[in-house]
Amino acid sequence: MKILKITVWVVLALFVILQFIPNTYPEIKKSNEHDLILTGDVPEEVALILKTSCYDCHSNETRYPWYAYIAPISWLVVRDVKNGRGDLNFSEWDSLKSRDKIKLLDEIAEEVEEGNMPMPIYTITHGDASLDDVKKQILVKWTEDLMNDILGE
Amino acid sequence: MKTRNLLFPIALIAIAVIFQSSILIDGNSKITGDVNIPEDVKSVLDNKCYGCHNMEAKSDKSKDKLLLDKLGDLSKAKLIAKLGDIGEVAGEGSMPPEKFLEQKPEKKLTEDEQKLLVDWAEKTADEMLN
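Residue numbers (my numbering), protein chains in the order written: chain V, 5 to 157; chain A, 4 to 133.
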C-alpha cells in the first residue's frame, strides 16, 4: 500500500516537472497574404473542408486546444504542427512555384484518397475533421481542377 | 614468342567486347516518356534508380512510387509531380534507401549526380509549365 502511494506521488511529481520543460509553439498568424483560400481558386465547400480538416497543421492559423498546453501531449502537437507546416503550408501557398503547387496537389489527392490524412491521432479529438467519401471526392476533384488550371488546360 | 604474338589480338578483342557492352548498356535504356532526358541524366537514372523502379522489379513499394519504364503513361500533371518527387529525394539524398546502400554502397548518388538530377527535374517541370 505504501509502495502504491509513493508511486502515485512520483508520477505526479514527474508530471509537474514535465510542464517546466520548454516547448516552442509554431506561431499563429491570422493574416496571411499568400493564403490559398485568398487566391480565389478554392470553391467555398472545399475551403470549408480545408479549414476544418487541414488548417490546424497545414497553415499559420493553428487553433491550439487547451490540452495542447499540457506536456507530454503538447510535444506531440508541436511536432505535428511543425512537420505539417514544413511539408505543406496553405498560408504560404501563393508564394510557391507552379511546379511545387502541382506536386503538392498530387500529394494531397493521394494522402486524402488513401486515408492517411488527416492523421488518426488528430481525428480522435477532432471528429468533424474526419473525411467521409463525399468529402474525399470533393477534395480530390478540386486538386485535379486546380492542377489543370495551373497547366492551362 | 608465340604468346607475345597473341597479346595484340587478345587486347583488341577485349577492347571490342568492352566497347560493345558499354554501347549495349546505353542503347538498352528502357526509360520512356514524353520528357526530355539528356544522356548524362539517363545514365544516372539507369544505373542507380531503374533497378527498383521498373515494372519487373520485386518491391511493390518502389514500383508504386515510380516506374521509369512507364513515364509515358503519366498525365502531364502526374509527370510534373513525379519530377518534383525525384528532385526532392535526390536533393535530400533519401534515395536510394539507406538499407539498400548497406548492400550496394556503389549505388549511392554522388553529390554531382544529386545536383544533376535536381537541376534536371526542376528545369524539365518548369519547361512543361511554360
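All residues carry an ideal CB built from backbone N, CA and C; glycine is no exception.
{"Query": "Beta carbon proximity, A/Ala80 to chain V, threshold 8 angstroms", "Result": "yes"}
{"Query": "Cβ-Cβ distance between A/Leu86 and A/Thr127 below 8 angstroms", "Result": "yes"}
{"Query": "Minimum Cβ-Cβ distance from V/Asp136 to chain A less than 8 angstroms", "Result": "no"}
{"Query": "Helix, strand or coil at V/Cys58 [DSSP, three-state]", "Result": "coil"}
{"Query": "V/Thr43 to V/Leu52 span [Cα, whole Å]", "Result": "15 angstroms"}
{"Query": "Anticipated Cβ contact below 8 angstroms, V/Ile32 with V/Asn64, distance rounded", "Result": "7 angstroms"}
{"Query": "Closest by C-alpha distance to V/Glu117, when choosing among V/Lys6, V/His38, V/Leu143, V/Thr129", "Result": "V/Leu143"}
{"Query": "Every unbroken alpha helix (DSSP H) within the segment 74-133 of chain A, with a cutoff of 4 residues, ordered by chain", "Result": "79-95, 101-106, 114-132"}
{"Query": "Where A/Ala84 meets chain V, residues with beta-carbon distance less than 7 angstroms", "Result": "Ile106, Lys107, Asp110"}
{"Query": "Where V/Lys107 falls, given that 16 or more other Cβ within 10 Å makes a residue buried", "Result": "buried"}
{"Query": "V/Leu40, enclosing alpha helix (DSSP H) - first and last residue", "Result": "Unbroken run through V/Leu40: none, as it is neither H nor E."}
{"Query": "Continuous alpha helix (DSSP H) stretch holding V/Ser78: start and end", "Result": "77-91"}
{"Query": "A/Gln117 burial status per 10 Å Cβ neighbour count (16 or more: buried)", "Result": "buried"}
{"Query": "V/Tyr71, DSSP secondary structure in three states", "Result": "helix"}
{"Query": "Segment contact flag, the segment 99-117 of chain A with the segment 45-56 of chain A, C-beta cutoff 8 angstroms, min 3 pairs", "Result": "yes"}
{"Query": "Buried or exposed by the 16-neighbour rule on C-beta atoms within 10 Å, applied to V/Thr129", "Result": "exposed"}
{"Query": "Pick from V/Asn36, V/Gly90, V/Phe24 that is closest to V/His62, judged by C-alpha positions", "Result": "V/Gly90"}
{"Query": "Residues in the segment 110-125 of chain A having any Cβ partner in chain V nearer than 8 angstroms", "Result": "Glu125"}
{"Query": "Residue of V/Lys145, V/Ile74, V/Glu37, V/Leu92 minimising C-alpha distance to V/Pro26", "Result": "V/Ile74"}
{"Query": "Below-8 angstroms beta-carbon distance, V/Arg89 vs any chain A residue", "Result": "no"}
{"Query": "Candidates V/Val82, V/Lys105, V/Thr56: closest to V/Gly131 by CA position", "Result": "V/Thr56"}
{"Query": "Under 8 angstroms by beta carbon: chain A residues contacting V/Met151", "Result": "Ala80"}
{"Query": "Own chain, CB closer than 8 angstroms to V/Ala113, minus 5 neighbours either side, in chain order", "Result": "Leu143, Val144, Thr147, Glu148"}
{"Query": "Proximity winner among V/Phe19, V/Val138, V/Tyr126, relative to V/Cys58 (alpha-carbon distances)", "Result": "V/Tyr126"}
{"Query": "Buried versus exposed, by CB contacts within 10 Å (16 or more), V/Asp39", "Result": "buried"}
{"Query": "Beta-carbon proximity check, V/Ser95 vs V/Asn36, cutoff 8 angstroms", "Result": "yes"}
{"Query": "Rounded straight-line distance, which links the Cα of A/Ser46 to that of A/Ser25", "Result": "Unreliable positioning characterises A/Ser25 in this predicted model, as indicated by a pLDDT of 46, which lies under 50. A coordinate reading is not provided."}
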